[in-house]
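Throughout the sequence shown, residue numbering follows the numbering used here, covering -7 to 119 in sequence. Here's the structure, in structure tokens; my notes come after.
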Amino acid sequence: MSAALTAACLHMAHALALGLMMSVGYRVKVLWLPRDDFKALLGSKSFKVASAVQLNVNEWSPYFVAGLLYLHTRGAGSNLVAWGSVFSSLAFSASKLVVFHGQPAPVASTTRYLALAALIVEVYGTR
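The following block contains the structure:
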């Protein structure tokens, strides 16, 4: 199995994990929380941060997955870019959710930009 294919699958698993975190950690609570408590949950900082991180990852994941799957089908791409894309995406989520609690995470954000730029260069290089 190529690094590109593994990385693409890890990006999809990351997006799935964040979706499950939101569904199980927050949205399922509507079943037993009183209405006012549920509204308070939706207004909480932890919900807003988790929701923003999930949305952000789901905005970026398709670009990584598409590029990595393309490289896999072409038998191209470097391990560094494939694994770097996964690491940068996981670092972004972890830094926003655990380390900075929603505050800006410029290093993690910048590494993700660099990872996507490197992926673009690799995809373009297959022409």
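Even for Gly, the Cβ is constructed at its ideal location relative to N, Cα and C.
Asked: Can you find the residues in the same chain that come closer than 6 Å, C-beta to C-beta, to L10, ignoring five residues on each side of it along the sequence?; Found: Q46 and V49
Asked: Could you check what DSSP says for Y18 in three-state terms: helix, strand or coil?; Found: coil
Asked: Could you give the C-beta distance for L84 and A74, rounded to a whole number, given that I count them as a contact under 8 Å?; Found: With the sequence shown as reference, residue 84 is identified as Phe, and Leu is not the correct amino acid for it. F84 to A74, Cβ: 17 Å. No contact.
Asked: Answer with buried or exposed for L89, where buried requires no fewer than 16 other C-beta atoms within 10 angstroms of its C-beta.; Found: buried
Asked: Do you know how far the Cα of L12 is from the Cα of K112?; Found: It is worth fixing the name first, because residue 112 is Ile in this sequence and not Lys. The straight-line gap from Cα to Cα measures roughly 29 Å.
Asked: Do the region 31 to 44 and the region 99 to 111 meet, that is, are 3 or more Cβ pairs less than 8 Å apart?; Found: no
Asked: Spatial neighbours of T120 within its chain, please: C-beta separation below 6 Å, excluding the five flanking residues on both sides.; Found: There is no way to answer for residue 120, as the model of the chain reaches only from -7 to 119.
Asked: In its own chain, which residues sit with a C-beta less than 6 Å from the C-beta of G76, not counting the 5 before and 5 after it?; Found: A107
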